[in-house]
Amino acid sequence: MFMLTSHVKIARIMIKHERKMMETQRKRLNCWEFKKCGREPGGAKAEQFGVCPATTDEKLNAVHGGKNAGRSCWVVAGTMCGGRVQGTFAQKYQNCDLCDFFRAVKEEEGPAYQLLIVLLNKIKAFEKYVQGTFIP
Ligand code: SF4
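Going by my numbering, the sequence shown opens with residue 1, and the numbers climb by one from there.
Right, here's the structure in full:
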């Protein structure tokens, strides 16, 4: 009887864990999917207003499970949130700190959330790699 109860408990825990994992996977939207801005290549507003650099910037591809900088757009200069070009990282970061998408990614990633300094170092390393000056 005890064995059966503990097996049922373990099975329930595993199902719960799997559901949580699936929910996390489902929630991992890129910023253009979350914001529905239409500024991704082929998006509803891309032809008229231009493609946002966050959607094509490969330097941060796969960060937080996103496509290109889709889940790390706050470190990309010249993004187009709110329908206008946002300027340099320094100019826009204060706005991003208030952004609902930025906050959602932080919450979804939990301890796996990558700090600003880590993302900026990734960009630097990528640029050095492209220039051929990267030393691992
Ligand atoms: S950074 Fe803003 S404008 Fe650019 S794709 Fe993401 S939500 Fe759209």
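Positions of the beta carbon are idealized from the N, C-alpha and C atoms, including for glycine.
In the three-state reduction of the DSSP assignment, Gly132 falls in the coil class, being assigned neither a helical nor a strand state. Counting only runs of 4+ residues, the alpha helix (DSSP H) found wholly inside the region 49 to 127 occupies 89 to 96 and 100 to 109, in chain order. Proximity to Trp32 across Gln48, Arg12, Pro53 and Pro111 peaks at Pro53, based on C-alpha coordinates.
For Glu47, the distance from the CB to the nearest heavy atom of the ligand SF4 is not below 7 Å. 8 Å or more divides the Cβ of Ser72 from the Cβ of Leu120. Under the three-state reduction of DSSP output, Ala44 falls in the coil class, being neither helix nor strand.
Fewer than three pairs of CB atoms, one per stretch, sit closer than 8 Å, so the region 53 to 68 makes no contact with the region 89 to 103.
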